[in-house]
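Each remark here refers to the structure printed beneath this line.
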Amino acid sequence: MFPVYFVRYLPGSYPELPNCPAPFMFERLSRPTTINAIVLLILTMFFWSGNNVLGKWAVGIIPPMTFAFLRWSVAAVIMLPLAYQSLREDWPTIRANWPILLVLSLIGSGYYNTLQYVALVDTSVANAAILNSWAPVLIAVFGALFFKDRLSAIQLAGMLFSFAGVVVIILHGEPGRIASLSVNRGDLVMMFATGVWACYTTLLRKRPPISTVSFAGLTYIVAGIANAPLAAYEYATEQYVVWSWATVAAVAYAGVLASVIGYTFYARSIEIIGSTRAGAFIHLIPLFATLLAIIFLGEHPQPYHAAGFAMILAGVALASRKPAETVSPSAVKPAEG
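In the numbering used here, the protein residues as written are 792 to 1128.
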């Protein structure tokens, strides 16, 4: 799907697609069917789960804010030539709506992932992934705060139950941690990061009607620029990258699979089946991330992980019971041009 989605911007390439087996496979995968959306979403969640594991692996090898800078710089370099024509066509709309686009770029790609990498310095992959599953509840809360969405009693009950699951994860299943204030800093940072992502998702209703390709290109460029001074600070404080082929591979994975391809697959899936159905697949991340962390990092899931995750899922199921889609069509406008 990825080559087909952008190949129209590569002169002379598109007419040769039917004669090339690989692009033909991607073309079939990009067709607007539910099964294709499911395949793309599963791949996306796997890519994002791998990014969680890489963020933990990179501790002591790639400083977290530098990792974010490198990730989005790679994504921007890839996207800029692909999105150039679309950006030119959408420029009048971009210029007229630059404040909201800047905010979305900063809190979406720009700083959410930076906070995620910072959190993984002090917390486990399982904790970070499960805490991220609380996002749908926060999205409902922000919808009520920013757009006066009405919340039913059952939604409020679901939010409270989900929050109780978050507390179980934060306290590692040990209520005594409240009295001793022994709370993991990484867990708190991840909670804040999840709030940032929920705010971003809620504000997508205000995204102006520009193409998905333009939005992606603009977002990645802003994210790279926004993280540059943070990376410079880490370098100035002698937090250096330990370069190796493994480091290059990690940055390439984050920039290509977790960013360009992952975000493109996610956007395409939303176009096909809508944001509510697509958002439910985010709960695959704790499953994939925990399995990958067990295999590659030797992490061991604890009973409180299962208990907290079950409570969060149950709360999300209740809190998600709303009558209609909340993200505007402009937030999922397909690429044009």
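Glycine included, C-beta positions come from ideal geometry on N, C-alpha and C. Here the structure is a predicted model, which means the values were calculated and not measured.
DSSP places Q907 within a helical segment (H, G or I) once states are collapsed to three. Distance from the CA of D978 to the CA of E880, rounded to the nearest whole angstrom, comes to 42 angstroms. Cα atoms of F1006 and Y1054: separation of roughly 11 angstroms, rounded to the nearest angstrom. Counting along the chain, L834 sits inside the alpha helix (DSSP H) bounded by residues T825 to W848.
DSSP places S1050 within a helical segment (H, G or I) once states are collapsed to three. Here S1002 is not near W863, since their CB atoms are 8 angstroms or more apart.
A residue is called buried when at least 16 other Cβ atoms come within 10 angstroms of its Cβ; R886 does not meet this threshold and is exposed. Each of G1046, P1020, V865 and S1060 was checked against the Cα of V830, and the nearest Cα belongs to S1060. Shortest Cα-Cα distance from I1086 to any of I833, G841 and T825 involves G841. Taking C-beta atoms as the reference points, A917 and T1081 count as a pair closer than 8 angstroms. Uninterrupted beta strand (DSSP E) stretches at least 3 residues long and entirely within the region 1000 to 1036 do not occur. With a threshold of 16 other beta carbon atoms within 10 Å, G1089 falls short and is exposed. Using a Cβ distance threshold of 8 angstroms, L845 and Y1044 count as a contacting pair. Around the CB of V1039, fewer than 16 other CB atoms lie within 10 Å, so the residue is classed as exposed.
In chain order, N843, I1076, P1077 and A1080 place their CB closer than 6 angstroms to the CB of A920, counting only its own chain and leaving out the 5 sequence neighbours on each side. Rounded to whole angstroms, the gap between the alpha carbons of T914 and T985 is 14 angstroms. Judged by beta-carbon spacing, N888 lies within the 8 angstroms limit of P999, meaning their Cβ atoms are closer than that value. Per DSSP, the unbroken alpha helix (DSSP H) holding E880 starts and ends at P855 to A887.
Of all C-beta pairs linking the region 1096 to 1110 to the region 947 to 961, three or more are shorter than 8 angstroms, placing the two stretches in contact. By the neighbour-count definition (other C-beta atoms within 10 Å, threshold 16), V1033 is an exposed residue. Between the region 944 to 955 and the region 865 to 881 there are fewer than three C-beta pairs closer than 8 angstroms, too few to call the two in contact.
Closest option to L922, judged by alpha-carbon separation, among A1041, I1012 and F954: F954. Scanning F1056, K939, A1022 and W925 for the CA closest to the CA of W839 turns up F1056.
According to the DSSP assignment, S953 belongs to the alpha helix (DSSP H) that extends over A944 to I961.
For H1074, the three-state secondary structure derived from DSSP is helix. The three-state reading of DSSP puts N975 in coil, since its state is none of H, G, I, E or B. Residue state for K997 is assigned as helix, using DSSP reduced to three classes. In this structure, the CA atom of V1042 is about 27 angstroms from the CA atom of A828. By the criterion of a C-beta distance shorter than 8 angstroms, F952 is surrounded in its chain by M1102, A1105, G1106 and L1109, once the five residues flanking it on both sides are discounted.
Contact between F938 and R996 holds: their C-beta atoms lie close to 7 angstroms from each other, under 8 angstroms. Counting only the Cα atoms, P1092 lies some 34 angstroms from L942.
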